[in-house]
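Notes follow the structure.
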Amino acid sequence: MMTSKTIETTLGLNTQPSSKRWKKIAGVSLALVMIAAASFYTMKYTAKKKPIYATVPLNIQDLTTSVSATGNLEPTNTIDVGIEVSGTIDKVFVDYNDPVRSGQILARLDTTRLTAAATSSQALLMKSRANEQSAKAAVDNAVIEEERARTMYASTDGNYPSRKEMQTLSTTLIQAKASLAAAKAQVAQSYAQLKSDEDNLRKAVVVSPINGVVLNRKVEPGQTVVASMQTPILFTLAEDLTQMRAIVSVDEADIGGVKENQKVTFTVDSYANKQFEGKITQLRLNSAIVNGVVTYEAVVQVDNTDLLLRPGMTANASIITDTLRKVLVIPNAALRFTPPLDENQKKKKRAMEESDKGAHVWILKNETPTRVKVQIGKTDGVLSIVSPSSLKVGDLIITGIDEQP
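When you line the sequence shown up against numbering that gives the first Met the number 0, it's residues 0 to 404, in that order.
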């Protein structure tokens, strides 16, 4: 009689696999898992992933075009104050940055020598005038003597005085008149010398010709100045620092778009985050060549009421050449963009470029880049005007790729 255990044994239901069989099953299972994992990762990383494009919607806005230029700030009116006489500086009354008034004394020479010269000239003039009076008296006396002799000569019918005596009296009168003329010339010369010495004495005091401020001082007490061939410069004065100008250099390639009265914005290194404004008041015709580049100078009038700007500062200027209202604009980056292409697409692109070599951009249509020919106008360096030919407001202009597969 068969029991339940016998039946299970007969059917093989209670048969236990051996250790070798278990190892075989485990190995097969591990191999299947590894194959499945490899297939998964292969499918994941070999599947073509579309790039994510960076786009900008085409829109209408104002565009301002400008020209870059650099230069330096300077006062609108700078005056060098010199001295016309030689000598030793006795005193200096002003220093750097001091405000000055017209007629204010800035410095003074030691006037000992100049005063002595003026005194000597005064004495010489007095002597010359005395000589003039003496010569005049001699003339008067000679005239009287000659007239008396003529009267006597006429009354004696030419017998007295003799003809020789008459000639002597005439000669004496002529000589007296010549001496008087020489004395008068000496007076004039002495007077001129006195005026020159007095003028030198006056010039020994250096005064300000304007209301302004001292920019530079080049003299110290005790210093000897020699005014012979060239006038020594003692001070540099600025008339008004609340109004300044920037002399900027404009490249010859840009000068055609620059006009007088155009607005200018600029920055200086001292106030990098502050923008200053000005206006072009003059375009100079004379050119300069710097490192082989031809440039022209533009004069920019600048308001400096707050006195932040100083002479000599470097101005990094932007000259506003035009402002265009409500125009279609695209980023310049879009003009340089080309999407990743396969070989067939590259061939098509080359064929299109050979047949049409104009500017173009790529727009995103149905998640696919589409090449569109465009006509480009003015640019501000970041945006460019585009003619509304094949584009319309709202088109997604591709400027780059945010994520690459």
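Ideal Cβ placement from N, Cα and C applies to all residues, glycine included. For clarity, every value in this text was computed on a predicted model and none was experimentally measured.
Check whether L179 and A129 have beta carbons under 9 angstroms apart | At least 9 angstroms separates the beta-carbon of L179 from that of A129.
Does the distance from the CB of T266 to the CB of A314 come in under 9 angstroms?
-> In contact: T266 and A314 (Cβ atoms closer than 9 angstroms).
Taking buried to mean at least 16 other C-beta atoms within 10 Å of its own C-beta, is T45 buried or exposed?
-> A caution first: T45 carries a pLDDT of 45, below 50, which makes its placement in the model unreliable, though a value can still be read off. If you draw a 10 Å sphere on the C-beta of T45, you find fewer than 16 other C-beta atoms in it, and that means exposed.
Going by beta carbon distance, what residues of the same chain come within less than 8 angstroms of K377, once the five residues before and after it are set aside?
-> Taking C-beta separations shorter than 8 angstroms and ignoring five residues to either side along the sequence, the partners of K377 in its chain run L62, T64, D321, L323, S383, I384, following chain order.
What are the partner residues of G277, as DSSP defines its beta bridges?
-> DSSP lists V263, V301 as partners of G277.
DSSP state of Q242, grouped into three classes?
-> Strand.
Output the distance between the C-alpha atoms of A177 and K90, rounded to the nearest integer angstrom.
-> A177 and K90 have their C-alpha atoms spaced approximately 49 angstroms apart.
Spatial neighbours of V381 within its chain, please: CB distance less than 8 angstroms, with the 5 preceding and 5 following residues excluded, ordered by chain position.
-> So the list reads P330, N331, once near-sequence residues are dropped.
Taking Cβ positions, are V213 and L105 nearer each other than 9 angstroms?
-> Annotated as proximal: V213 and L105, with beta-carbon spacing under 9 angstroms.
Can you list, in chain order, the residues of its chain whose CB lies under 7 angstroms from that of L395, leaving out five sequence neighbours each side?
-> Taken in chain order, the residues that qualify are T54, P56, I362, L363.
For Y270, the residue or residues it bridges with in DSSP = Note: Y270 sits in a beta bridge opposite V267.
What does L327 pair with, by DSSP beta-bridge criteria?
-> Note: L327 sits in a beta bridge opposite I59.
Give me the Cα-Cα distance between E238 and S317, rounded to the nearest whole angstrom.
-> E238 and S317: Cα-Cα distance of roughly 27 angstroms.
Locate the beta strand (DSSP E) running through L105, then write down its first and last residues.
-> Its beta strand (DSSP E) spans residues 104-108.
F92 burial status per 10 Å Cβ neighbour count (16 or more: buried) | Exposed, by the Cβ-count rule.
Along the chain, where does the beta strand (DSSP E) that runs through I232 open and close?
-> 232-237 is the extent of the beta strand (DSSP E) around I232.
Beta-carbon gap between N303 and L240 smaller than 9 angstroms | Contact flag set, yes.
DSSP three-state call for R283: helix, strand or coil?
-> Three-state result, R283: strand.
Could you pull out every residue in the same chain whose Cβ sits closer than 6 angstroms to the Cβ of D196, ignoring the five residues on either side in sequence?
-> Result list for D196: A116, A117, S120, in chain order.
From L406 to L113, what does the alpha carbon distance come to, in whole angstroms?
-> Coverage of the chain is limited to positions 0 through 404, which leaves residue 406 absent and any answer about it impossible.
Hey, I400 and Y52 are a contact pair by Cβ (cut 8 angstroms); roughly how many whole angstroms apart?
-> With 8 angstroms as the limit, I400 and Y52 qualify as a contact, their Cβ atoms being about 6 angstroms apart.
Look at the alpha carbon of P231 and the alpha carbon of V80, and state the distance between them as a whole number of angstroms.
-> In this structure, the alpha-carbon of P231 lies about 9 angstroms from that of V80.
Per DSSP, which one or two residues make a beta bridge with I82?
-> According to DSSP, residue pairing for I82 in a beta bridge does not occur.
Is L327 near the ligand HEM, going by C-beta to nearest heavy atom under 8 angstroms?
-> Only the bare structure without any ligand can be found here, which leaves the ligand HEM out of the picture.
Can you list, in chain order, the stretches of the beta strand (DSSP E) that have 3 or more residues and sit fully within the region 102-158?
-> Fully enclosed beta strand (DSSP E) runs of 3 or longer: 104-108.
Are V247 and V299 close, meaning C-beta to C-beta below 9 angstroms?
-> Yes, these two residues count as a Cβ contact at 9 angstroms.
Determine the burial state of Q174: buried for a count of at least 16 other Cβ atoms within 10 Å of its Cβ, exposed for fewer.
-> Exposed, because fewer than 16 other Cβ atoms sit within 10 Å of the Cβ of Q174.
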